[in-house]
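Peer 1:
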Amino acid sequence: MFELSKSMEQYIETIYDLQRDYGAASVTDIASDRQVKSPSVTYVLRKLKSLGLINYKRYRSVTLTKQGTEIAEKLERTHKTLRWFLEMIGVSPAIADEDACELEHLVHRETVEKLAQFVDWMKNSEKGTRWLQAFHTSED
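See the structure below:
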């Protein structure tokens, strides 16, 4: 297994979003979304292709492979878990989303799994709901 840089993970997320919305991604769309120039996109796409994470041919659309899609879905779940947790403790949705974008590339998988269990427990158990209410009333 290999470790991806934060930047490469962000490219995978961008391709995933564009592919979900439009069926595929183009270099131009990726460059626009990432706010970089096309040659920078092409450089990263070549790396991602060499890792087997995308299907890419010059002047054609870009799609994620099965492995690339699995990584994108894990990143999306991580982002949602972190955002839910941050919102749960009272962080505004905009800041929670922004912070989740940064944190999702830093936290260990085990941490995310435990946070997901905790968020689920807090949302769905009577005791968790009481704890959350007590936490929010203690802020005053």
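Numbering (the numbering used here), first residue to last: 442 to 581.
Note that beta-carbon positions come from the ideal geometry of N, C-alpha and C, so glycine has one too.
1) Which residue wins for smallest C-alpha separation from Ile453, given the options Thr578, Ser566, Gln508?
2) Would you give the residue range spanned by the alpha helix (DSSP H) that Gly583 belongs to?
3) Buried or exposed for Arg461, please, with buried defined as at least 16 other CB atoms from any protein chain shown within 10 angstroms of its CB.
4) Return the CA-CA distance between Glu554 and His546, expressed in angstroms with no decimal places.
5) So, Tyr497 versus Lys488, is the Cβ gap smaller than 8 Å?
6) Going by beta carbon distance, what residues of the same chain come within less than 6 Å of His520, once the five residues before and after it are set aside?
7) For Phe526, count neighbouring C-beta atoms within 10 Å of its own C-beta (all shown protein chains included) and say buried if the count is 16 or more, exposed if not.
Peer 2: To lay it out plainly:
1) Among Thr578, Ser566, Gln508, the Cα nearest to that of Ile453 belongs to Gln508.
2) In this structure the chain extends from 442 to 581, so residue 583 is not present and cannot be described.
3) Arg461 counts as exposed, since fewer than 16 other beta carbons sit within 10 angstroms of its beta carbon.
4) Their backbone Cα atoms lie some 14 Å apart in a straight line.
5) Their beta carbons are not under 8 Å apart, which means Tyr497 does not touch Lys488 by this criterion.
6) Excluding residues within five positions, the ones whose Cβ falls inside 6 Å are Ala541, Glu545.
7) Answer is buried; the Cβ neighbour count reaches 16.
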